[in-house]
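Residue numbers (the numbering used here): 208 to 457.
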Amino acid sequence: MKKTATQLAKYRAKRDFTKTKEPSGARQVLPAPQLRFVVQKHAASHLHWDLRLEMNGVFKSWAVTKGPSIDPADKRLAVEVEDHPLDYGDFEGTIPHGEYGGGTVQMWDRGFWIPQTKQDPEDSLAAGELKFVTAGKRMRGSWVLVKIRNNRGRDTRTNWLLIKHKDEYAQPGGTPALMEEDKSVASGRTMDQIARGVGKAPRPFMLKKAESAAAVWRSNRAESAVTRGSRPASAGRRSAPARSSRRATR
Ligand code: MN
């Protein structure tokens, strides 16, 4: 618990929880048979898509400026942002104007992911490259995150590229249509409906019992990708103690 508090210090320092409805990370999420991921479309000062991968008790997070592309030729800038609490994976709503990240947040995608690496995925991130497979509604199949060099030290951000691998889910030229999809996978609401506070409440993902991951992988036809790479991480591996000393110094 203390470890997670350290991991989330940056996240908490940026937010005033008396003003925003974003979760503080105090809620215990339910265990899942696989690692979870979410993508939140976020109409902040600049529209972006936040990719979050569950890893050692938090969501490692990237702001993908133009959103994920299913065209392998179309590399997408993914700016590393602070770790987010796992209960953030159920957040959909509007962050008040003037607060950090002010703007509407929509649950654009969610599902399970598997690192395509034999080492701890945090070590892959530290080495600057993480290959992984997703079984979501909109992000499916094999991907890679590759760290790129900062802009001659002038850029204080840590930048990555998110690239779709060529596989059965890749679709050259298919990204514009995908980006136009504007229905929440959690509530069915459009950005406009969320902003106006109307429509259905989002169905929980992190705070409810997860469905069988095996069924999810099958329904997404991702099994071939899964069996080609590493086997699904066991629950034991996911909850293994994290090495967080490196992160604490960031
Ligand atoms: Mn964001």
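Ideal Cβ positions, reconstructed from N, Cα and C, are used throughout, including at glycine.
N- and C-terminal bounds of the beta strand (DSSP E) containing residue i
{"i": "S252", "result": "Unbroken run through S252: none, as it is neither H nor E."}
{"i": "P279", "result": "Where P279 is concerned, there is no enclosing beta strand (DSSP E), given that its DSSP letter is neither H nor E."}
{"i": "R347", "result": "347 to 354"}
{"i": "F298", "result": "Element bounds for F298: n/a, residue is neither H nor E."}
{"i": "M314", "result": "310 to 322"}
{"i": "A270", "result": "265 to 271"}
Cα-Cα separation between residue i and residue j, rounded to whole angstroms
{"i": "M413", "j": "I321", "result": "17 Å"}
{"i": "R259", "j": "V286", "result": "12 Å"}
{"i": "A250", "j": "A334", "result": "31 Å"}
{"i": "H291", "j": "Y307", "result": "14 Å"}
{"i": "E430", "j": "R234", "result": "Per-residue confidence for E430 stands at a pLDDT of 45, beneath the threshold of 50, marking its modelled position as unreliable; no derived number is given."}
{"i": "L385", "j": "T324", "result": "28 Å"}
{"i": "D330", "j": "D223", "result": "32 Å"}
{"i": "P275", "j": "L284", "result": "9 Å"}
{"i": "R403", "j": "T301", "result": "9 Å"}
{"i": "V245", "j": "K221", "result": "21 Å"}
{"i": "V340", "j": "P240", "result": "15 Å"}
{"i": "Y218", "j": "Q247", "result": "16 Å"}
{"i": "T311", "j": "G395", "result": "15 Å"}
{"i": "D278", "j": "Q378", "result": "5 Å"}
{"i": "L192", "j": "W315", "result": "Any answer about residue 192 is impossible in this case: the structure gives the chain only from 208 up to 457."}
{"i": "M262", "j": "G305", "result": "30 Å"}
{"i": "K390", "j": "H255", "result": "15 Å"}
{"i": "T338", "j": "L352", "result": "The sequence shown places Lys at residue 338, rather than the Thr named in the question. So the two alpha carbons sit approximately 6 Å from each other."}
{"i": "A342", "j": "K228", "result": "28 Å"}
Classification of residue i by the beta-carbon crowding that lies within 10 angstroms, buried from 16 upward
{"i": "K267", "result": "buried"}
{"i": "I401", "result": "buried"}
{"i": "S252", "result": "exposed"}
{"i": "I355", "result": "exposed"}
{"i": "K226", "result": "exposed"}
{"i": "Q326", "result": "exposed"}
{"i": "T213", "result": "exposed"}
{"i": "A280", "result": "exposed"}
{"i": "P409", "result": "buried"}
{"i": "A393", "result": "buried"}
{"i": "R364", "result": "exposed"}
{"i": "E387", "result": "exposed"}
{"i": "L215", "result": "buried"}
{"i": "P328", "result": "buried"}
{"i": "K415", "result": "exposed"}
{"i": "D294", "result": "buried"}
{"i": "P230", "result": "buried"}
{"i": "V288", "result": "buried"}
{"i": "V433", "result": "Here V433 scores only 47 on pLDDT, less than 50, and its place in the model should not be relied on; the value that follows carries that caveat. V433 comes out buried."}
Opening and closing residue of the alpha helix (DSSP H) in which residue i lies
{"i": "A333", "result": "328 to 334"}
{"i": "K221", "result": "That residue, K221, is in no alpha helix (DSSP H); it is neither H nor E in DSSP."}
Contact test: residue i Cβ vs the ligand FAD heavy atom, cutoff 7 Å
{"i": "G335", "result": "In the structure shown, the ligand FAD is absent; the only ligands present are the ligand MN."}
Q. For the region 359 to 401, which segments carrying the alpha helix (DSSP H) assignment without a break, of at least 4 residues, lie completely within its bounds, in sequence order?
A. As far as the region 359 to 401 is concerned, its whole alpha helix (DSSP H) runs of at least 4 residues are 382 to 386.
**Q.** Three or more C-beta pairs below 8 Å linking the region 335 to 351 and the region 369 to 389
**A.** Under the three-pair Cβ rule at 8 Å, the region 335 to 351 counts as touching the region 369 to 389.
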